[in-house]
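**Q** Letter by letter, the sequence shown follows residues 55 to 312 of the working numbering. Virtual Cβ for every residue (Gly too), placed ideally from N, Cα, C. This structure is a prediction, so every number in the text was calculated from the model and none was measured.
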Amino acid sequence: MIVLKSERDLEAMRPACALAGTVLDEIAAFVQPGVTTRDIDEFAASRIRHFGAKSAFLGYRKYPCQICISVNEQVVHGLAGPRVLRMGDIVSLDVGVIYNGFIGDTARTVAVGGCDVPAQKLMDVTEKALYEGIAQALPGGRVVDISRAIQNYVEGNGFSTVREFVGHGVGRTMHEEPQVPNFVDGKSSPKLRPGMTLAIEPMVNSGLPGVKVLNDGWTVVTQDGSLSAHFEHTVLITESEPEILTWPEKVPSKLKVS
Ligand code: MF3
Ligand code: CO
Ligand code: CO
């Protein structure tokens with residue numbers, strides 16, 4: 055069952071999503087050479103708490119951290135720990151918060167200090183693939199239109215999209231129907247309707263699409279050791295253009311005190 059959000063639901067969900075975007079912005083600015091992934095998770099905890107929100111990830115299927123921090127060949131669900139980030143690393147930051155009873159889910163990959171040209175291209179293509187997908191988030195279309203746009207853009211640039219993890223509906227719970235794959239899977243695909251809120255999230259590998267899970271039970275890495283990037287927004291299907299709910303500027307000014 056796909057949950058359509060009412061205008062009243064959206065009044066509660068918009069601030070939750072804006073807050074996720076703002077926290078992600080702040081965390082991205084905190085990343086620099088010499089910080090550990092644990093430092094980042096602790097910083098995330100303090101910013102999420104500051105806004106009166108809660109991590110949507112901590113405790114989800116026993117997930118042990120506030121946010122997901124995935125470095126280099128790590129794709130998603132990386133765990134915070136003593137690892138020191140170095141200049142040239144790329145780090146994927148995935149933030150989910152609960153606020154007003156709703157979840158905002160958003161992710162971005164950033165370079166630590168700076169990175170080489172191939173890594174930058176991977177990040178640029180992944181981010182652009184997200185916006186190619188969002189551009190298809192139109193009423194009357196189907197979820198597969200989003201999937202196809204992402205896959206075509208990514209593969210057209212010589213990279214590959216992960217199959218095992220997909221985007222999803224999001225609202226009062228983190229993973230709702232429908233699934234939003236980053237490739238055309240040939241299954242029947244739901245129609246997009248106003249009121250649907252989707253987490254669109256290309257996970258893109260610079261090499262082959264295969265992934266595996268490390269022994270910690272969480273961290274997903276590329277099978278071939280190639281770099282991976284991840285960008286995500288929570289998006290509302292409207293009667294016309296899609297509305298990107300996790301855009302940080304939309305945070306209500308009363309929440310913006312530092
Ligand atoms: N944020 C991820 C997503 O985009 C889900 C993380 S689940 C967790 O769907 F348990 F790892 F936090
Ligand atoms: Co996410
Ligand atoms: Co998500």
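1. Quick check: PHE285 and ARG162, are their CB atoms within less than 8 Å of each other?
2. Measuring CA to CA, which of ASN269, THR227 and VAL238 is closest to VAL57?
3. If you follow the alpha helix (DSSP H) that GLU181 is in, where does it begin and where does it stop?
4. Tell me where the alpha helix (DSSP H) around GLY210 begins and ends.
5. Can you check which of these residues, GLU61, ILE254 and MET67, is closest to ILE152 by C-alpha distance?
6. Measuring only the C-alpha atoms, how far is ALA189 from VAL197?
7. I need the boundaries of the alpha helix (DSSP H) containing ASP79, first residue and last residue.
8. For MET257 and VAL216, which I take to be in contact (beta-carbon distance under 8 Å), what is that distance rounded to the nearest angstrom?
9. Between the Cα of ARG140 and those of GLY212, GLY167 and ASP199, spot the shortest distance and give me the residue it belongs to.
10. So what does DSSP say about GLU96, is it helix, strand or coil?
11. Measuring from the CB of GLY93, is there a heavy atom of ligand 2 at a distance below 7 Å?
12. Express the C-alpha separation of THR288 and VAL77 in angstroms, rounding to a whole number.
13. Taking the straight line between their C-alpha atoms, what separation do you get for GLU255 and ASN236?
14. Could you give the uninterrupted runs of the alpha helix (DSSP H) lying entirely in the stretch 253 to 312, keeping only those of 4 residues or more?
15. Quick one: what does DSSP say LYS116 is sitting in, helix, strand or coil?
**A** Reading from the atomic positions:
1. Taking 8 Å as the cut-off, the Cβ atoms of PHE285 and ARG162 count as close.
2. Check the Cα spacing between VAL57 and each of ASN269, THR227 and VAL238: the tightest is with THR227.
3. From DSSP, the alpha helix (DSSP H) with GLU181 extends over 171 to 188.
4. That run of the alpha helix (DSSP H) goes 197 to 210.
5. Taking only the C-alpha atoms, the option nearest ILE152 is MET67.
6. In a straight line, the C-alpha of ALA189 is about 12 Å away from that of VAL197.
7. That run of the alpha helix (DSSP H) goes 61 to 84.
8. Right, their Cβ atoms sit about 4 Å apart.
9. Selected option, being the one with the closest Cα: GLY167.
10. GLU96: helix per DSSP, three-state reduction.
11. Strictly speaking, residue 93 in this sequence is Asp, with Gly absent from that position. Answer for ASP93: no, Cβ out of range of ligand 2.
12. Approximately 14 Å between the Cα atoms of the pair.
13. Their Cα atoms are separated by approximately 8 Å.
14. Counting only runs of 4 or more, we get nothing.
15. Looking at LYS116 - three-state DSSP - the assignment turns out to be helix.
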